[in-house]
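To start, the structure itself, in structure tokens.
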Amino acid sequence: MNLTLRVWRQKSASARGRLVTYEAKNISPDMSFLEMLDVVNEELIDRGEPPIAFEHDCREGICGACGFMINGVAHGPKRATTVCQLHMRSFRDGDRLTLEPWRARAFPVIKDLIVDRSAFDRIVQAGGFISAPTGSAPDANAILVRKEDADLAFDAATCIGCGACVAACPNAAAMLFTAAKVSHLGLLPQGQPERSARARNMVAAMDREMFGSCTNIGECEAVCPKEISLAFIARLNRDLLAATFRGRGARNAASPSDRTPRAAP
Amino acid sequence: MTVGATSASLVDGRLDAKIPPGPIEQKWERHCFDMKLVSPANRRRYTVLVVGSGLAGAAAAASLGELGYKVECFSYHDSPRRAHSIAAQGGINAAKNYRNDGDSVFRLFYDTVKGGDFRAREANVYRLAELSLNIIDQCVAQGVPFAREYGGLLDTRSFGGAQVSRTFYARGQTGQQLLLGAYQALERQVGLGTVTMHTRAEMLDLVVVDGRARGIVTRNLVTGAVESHVGDAVVLATGGYGNVFYLSTNAKASNATAIWRAHKRGAFFGNPCFTQIHPTCIPMSGEHQSKLTLMSESLRNDGRVWVPTKVGDTRPPDRIPIGERDYYLERKYPSFGNLSPRDIASRAAKEVCDEKRGVGPGGRGVYLDFADAIARLGEPAIREKYGNLFDMYERITGENAYRVPMRIYPAVHYTMGGLWVDYNLMSTIAGLFVAGEANFSDHGANRLGASALMQGLADGYFILPCTLADYLARIRADTLDAGHPVFRAAEVEVAERVRRLLAINGTRTVDSFHRELGHLMWDYCGMARNEAGLRHALRKIPELRAEFWANVRVLERNEELNQSLEKAGRVADFLELGELMCIDALHRTESCGSHFREERQTPDGEALRDDEHFAHVAAWEYTDRLAEPNLHREPLHFEYVHLSQRSYR
Numbered sequence: 000m001n002l003t004l005r006v007w008r009q010k011s012a013s014a015r016g017r018l019v020t021y022e023a024k025n026i027s028p029d030m031s032f033l034e035m036l037d038v039v040n041e042e043l044i045d046r047g048e049p050p051i052a053f054e055h056d057c058r059e060g061i062c063g064a065c066g067f068m069i070n071g072v073a074h075g076p077k078r079a080t081t082v083c084q085l086h087m088r089s090f091r092d093g094d095r096l097t098l099e100p101w102r103a104r105a106f107p108v109i110k111d112l113i114v115d116r117s118a119f120d121r122i123v124q125a126g127g128f129i130s131a132p133t134g135s136a137p138d139a140n141a142i143l144v145r146k147e148d149a150d151l152a153f154d155a156a157t158c159i160g161c162g163a164c165v166a167a168c169p170n171a172a173a174m175l176f177t178a179a180k181v182s183h184l185g186l187l188p189q190g191q192p193e194r195s196a197r198a199r200n201m202v203a204a205m206d207r208e209m210f211g212s213c214t215n216i217g218e219c220e221a222v223c224p225k226e227i228s229l230a231f232i233a234r235l236n237r238d239l240l241a242a243t244f245r246g247r248g249a250r251n252a253a254s255p256s257d258r259t260p261r262a263a264p
Numbered sequence: 000m001t002v003g004a005t006s007a008s009l010v011d012g013r014l015d016a017k018i019p020p021g022p023i024e025q026k027w028e029r030h031c032f033d034m035k036l037v038s039p040a041n042r043r044r045y046t047v048l049v050v051g052s053g054l055a056g057a058a059a060a061a062s063l064g065e066l067g068y069k070v071e072c073f074s075y076h077d078s079p080r081r082a083h084s085i086a087a088q089g090g091i092n093a094a095k096n097y098r099n100d101g102d103s104v105f106r107l108f109y110d111t112v113k114g115g116d117f118r119a120r121e122a123n124v125y126r127l128a129e130l131s132l133n134i135i136d137q138c139v140a141q142g143v144p145f146a147r148e149y150g151g152l153l154d155t156r157s158f159g160g161a162q163v164s165r166t167f168y169a170r171g172q173t174g175q176q177l178l179l180g181a182y183q184a185l186e187r188q189v190g191l192g193t194v195t196m197h198t199r200a201e202m203l204d205l206v207v208v209d210g211r212a213r214g215i216v217t218r219n220l221v222t223g224a225v226e227s228h229v230g231d232a233v234v235l236a237t238g239g240y241g242n243v244f245y246l247s248t249n250a251k252a253s254n255a256t257a258i259w260r261a262h263k264r265g266a267f268f269g270n271p272c273f274t275q276i277h278p279t280c281i282p283m284s285g286e287h288q289s290k291l292t293l294m295s296e297s298l299r300n301d302g303r304v305w306v307p308t309k310v311g312d313t314r315p316p317d318r319i320p321i322g323e324r325d326y327y328l329e330r331k332y333p334s335f336g337n338l339s340p341r342d343i344a345s346r347a348a349k350e351v352c353d354e355k356r357g358v359g360p361g362g363r364g365v366y367l368d369f370a371d372a373i374a375r376l377g378e379p380a381i382r383e384k385y386g387n388l389f390d391m392y393e394r395i396t397g398e399n400a401y402r403v404p405m406r407i408y409p410a411v412h413y414t415m416g417g418l419w420v421d422y423n424l425m426s427t428i429a430g431l432f433v434a435g436e437a438n439f440s441d442h443g444a445n446r447l448g449a450s451a452l453m454q455g456l457a458d459g460y461f462i463l464p465c466t467l468a469d470y471l472a473r474i475r476a477d478t479l480d481a482g483h484p485v486f487r488a489a490e491v492e493v494a495e496r497v498r499r500l501l502a503i504n505g506t507r508t509v510d511s512f513h514r515e516l517g518h519l520m521w522d523y524c525g526m527a528r529n530e531a532g533l534r535h536a537l538r539k540i541p542e543l544r545a546e547f548w549a550n551v552r553v554l555e556r557n558e559e560l561n562q563s564l565e566k567a568g569r570v571a572d573f574l575e576l577g578e579l580m581c582i583d584a585l586h587r588t589e590s591c592g593s594h595f596r597e598e599r600q601t602p603d604g605e606a607l608r609d610d611e612h613f614a615h616v617a618a619w620e621y622t623d624r625l626a627e628p629n630l631h632r633e634p635l636h637f638e639y640v641h642l643s644q645r646s647y648r
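One line per chain: the protein sequences are A and B, in this order.
The numbering of the first sequence is numbering that gives the first Met the number 0, which starts it at 0 and goes up by one.
The numbering of the second sequence is numbering that gives the first Met the number 0, which starts it at 0 and goes up by one.
And the structure:
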């Protein structure tokens, strides 16, 4: 199959970007989207033109490195699928596809389709953990976890940190990402002591990183390659509300009074 | 000096593994007591550089930071959470015996030594089995959402040929959940200021001053800046080198550069030819293939492997009657059947495909059929256990494995070889520690399923914090800085190499060389090896390397994000490492575990060890001539698990 690609090319963070058109020829439907780009890049190099920079690593949909917009949709048209797992059989011969990087104030473009997502790491630094110093753990079976809770915590924990939720959100909010981590840890007995502080500190970090606010649009859930549920955002809001009223555990947090709870679905 | 202490492991050219004395079940505990400690007030005076942020690296950096050392951690990714440990699917072993099925530390130790076909160190393996208990405790405390029973207790399953149910798992994403646990512990330390994280920073050289590893040189992958970092010790936790084969289950960026640079600075390379070929991967679909995807071998618990009995049978699988199917693993290995160890299952698949009984495009595939399991347990039960794997299979192949059998074929998965380390995980360079897949230590000639996660975390959480302390306690913190001439010289070398790669401006892309190297390695140093093939590869690889340095095309500049340049540096190192792997495979004229020399097999085609000549670790020393490395042998002694021929029949 043959396709026409319009690709965002931007040499560096400070350079101006623009869309450049390329033809992708003789593409097999069995190729992944990134393998199709590999083919385009090999041809570009042969012609002496700089290849398209895009982030990728495991190509199994689990590392979260890859991701860009295909015709305005984060990770492209197939549900619950990262671009590395998206195969060309999802497209038709002659399709015109526009590829752009994630667009968000908190994710500045580094080059072409690559953006800087280090803001996510800083949100985790603010509280996305359980403080369990190495060596201090009790026997694993000393902590009982209801299977339903463990399964729901797992569902939240499957987030791969790709940033599609932010890219899809008209407000460029990081609520689904943050809510997934707050829910994963807050559903487990081990996560209870830090539960309030976690919600408060992670939300404060989200604000510092200039992510937008949630207005319950749900685009995040629609594009999430791991199908993380919007219901986790409600859970985050409950934790945040409880933390605000309780006023406890505000360790290292920005003043809680400077924000109101997020809308809940 | 205490026996087993972290002093030089190379004395008069003889390797000393520093295995502590005493009964095996007491070695580690006694060693921990014998080792020196660094007082809490002094720890901040020591800087430890940790390269890599996967399970071993993140666990080590978090634990060392927590203890009070100054830690700097490096990753070429945009975030430590991308490390390829994240892709491990199946599970992690621990000898908890929660199932009352006769498991014990000794049994896990025994299984691992035997599974490794008697080419691993007993003392290391025993320690690994012991620490498996602490790892599960630690991970649960961190909030890793392992699978649970309805009573709230942890669930386990039998995995990869084990006859006890000791594998803990988080659906098909155990590696992801364990890595995120370690990542969160690491980010917590970053937030507390004990660890400085350097992302998008690739280590391109190791700096050795006065015989001790004192730092690294990195390239900033966004700006191209070449930078030195000084420390009192260096930990390499940079993963395996399976991508020397181009196609493997590794992530695209996984590479050998850090360990290969360290090797060229004096760290010996242990058993480089020991490569695990994983039996259950999705077959290639064409020449465009950029990587191979593993399907967790937990699938073999319920899937049955078969091919048509007749050569060239192209009927769809549901039209082939039972009587014309060859369930070859069940036929050849009745007691283990579909759960035979990885090396055996892989070779058996190659054999039936070599006989032209393979299925799917190109004939390099075998069926993994769930029809019987679905009939017995129902589709919902299968979906509950393996749903995400079936979904992944459908995304990649477009086929629904609930209706038609999966097609699988072996692929390069894990490298048991790596930098040689002693019992303290220290390489032959003082102060250079190596952890996780990057070292050669615990898996011998074949790694058992669900053992890699265990080893990475044992090294990072529990072993390095003790052995590094002992090393640091014996050195004196000094004021060495990056202005030292050895650092300056290393920076110049790194910059010069980058300049050379950019200046060639030839006609072939980096990937085209990598693919060609991969073909050579797979054909001659893959699932089956023989002398003629290895000698052929040893002629071809240097030719390819010479062509690479004369004809590779790397566009754009150093002073920007340049993915072709990153790849070129890594492939240049693979082109050297590939040669060493073939040299090692040629030297080892026995078959053991994953290393199958066609000249050495039993009449029914099984691997035949030669314990008289090869019960040793081959540790290779770099000499300026790539074709003539020096071989050092570390003899292996088996006091607790007696040498025997593996039999899975």
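Glycine included, C-beta positions come from ideal geometry on N, C-alpha and C.
Taking the CA atoms as reference points, E589/B sits about 41 Å from E398/B. Closer than 7 Å at the C-beta level to chain A, one finds these residues of the stretch 170 to 183 of chain B: R170, Q172, Q175, Q176, L179, Q183.
Around the C-beta of Q288/B, 16 or more other C-beta atoms lie within 10 Å, and the residue is accordingly described as buried.
Between T466/B and L424/B, the C-beta spacing is below 7 Å.
Interface annotation, K290/B: in contact with chain A, CB-CB separation under 7 Å. When CB distances to chain B are screened at a threshold of 8 Å, the residues of the stretch 182 to 212 of chain A falling below it are H183, L184, L187, Q189, G190, in chain order. Rounded to the nearest whole angstrom, the CA to CA distance from L178/B to S440/B is 21 Å.
Under the rule that a run must span 3 or more residues, the beta strand (DSSP E) segments found entirely inside the stretch 288 to 355 of chain B read 303 to 307. If you compare the alpha carbons of E148/B, K113/B, A140/B, R120/B with that of Y97/B, the shortest gap goes to E148/B. Those residues of the stretch 554 to 581 of chain B placed with their C-beta closer than 7 Å to a C-beta in chain A are L554, E555, E559, L560, Q562, S563, ordered along the chain. A distance below 7 Å separates the beta carbons of E226/B and T217/B.
Just so you know, the alpha carbons of V202/A and T195/B end up roughly 23 Å apart. Taking a Cβ-Cβ threshold of 8 Å, none of the residues of chain A is close to R514/B; the smallest such distance is about 10 Å. Chain A has no Cβ within less than 7 Å of the Cβ of P409/B. Against N140/A, the close residues of chain B are K95, Y97, L152, L153, in the order they occur along the chain (beta-carbon pairs closer than 8 Å).
Residue nearest to G265/B within the set Q25/B, W305/B, N254/B, R211/B is R211/B (criterion: CA-CA distance).
Taken atom to atom, the span from the alpha-carbon of P49/A to that of E59/A is near 26 Å. Sequence-distant partners of P634/B (beyond 5 residues in either direction) whose C-beta falls short of 6 Å from its own C-beta, in its chain, are H615. Judged by their CB atoms, G90/B and Y168/B are nearer to each other than the 7 Å cut-off. Where C280/B is concerned, the enclosing beta strand (DSSP E) starts and stops at 274 to 280.
Within chain B, the C-beta atoms nearer than 9 Å to that of V38/A come from H287, in chain order. The beta carbon of C72/B sits closer than 6 Å to those of V49, S52, A60, V194, M196, all from its chain and outside the five residues before and after it, given in chain order. The three-state secondary structure of Y647/B, taken from DSSP, is coil. In this structure, DSSP gives W7/A an extended state, which the three-state scheme calls strand. Segment contact: the stretch 359 to 374 of chain B against the stretch 295 to 303 of chain B, three or more CB-CB distances shorter than 8 Å; contact assigned. Between the alpha carbons of C581/B and S295/B lies a gap of roughly 29 Å.
In the structure shown, Y413/B falls within a strand segment according to DSSP collapsed to helix, strand and coil. Relative to F210/A, the option among R116/A, R234/A, A149/A, T243/A whose CA is nearest is R116/A. Secondary structure at L554/B: coil, using DSSP grouped into helix, strand and coil. DSSP, reduced to helix, strand and coil, places E147/A within a helical segment of the structure shown.
In this structure, DSSP gives D510/B a helical state, which the three-state scheme calls helix.
Interface annotation, Y240/B: not in contact with chain A, CB-CB separation never under 7 Å. A distance below 7 Å between beta-carbons, with the five flanking residues on each side excluded, links V221/B to the following residues of its chain, in chain order: R199, L560. Interface annotation, G16/A: not in contact with chain B, CB-CB separation never under 7 Å. Listed along chain B is no residue with a C-beta nearer than 7 Å to that of D92/A; the closest approach is about 16 Å.
At a cut-off of 7 Å, the C-beta of G127/A has a neighbouring C-beta in chain B.
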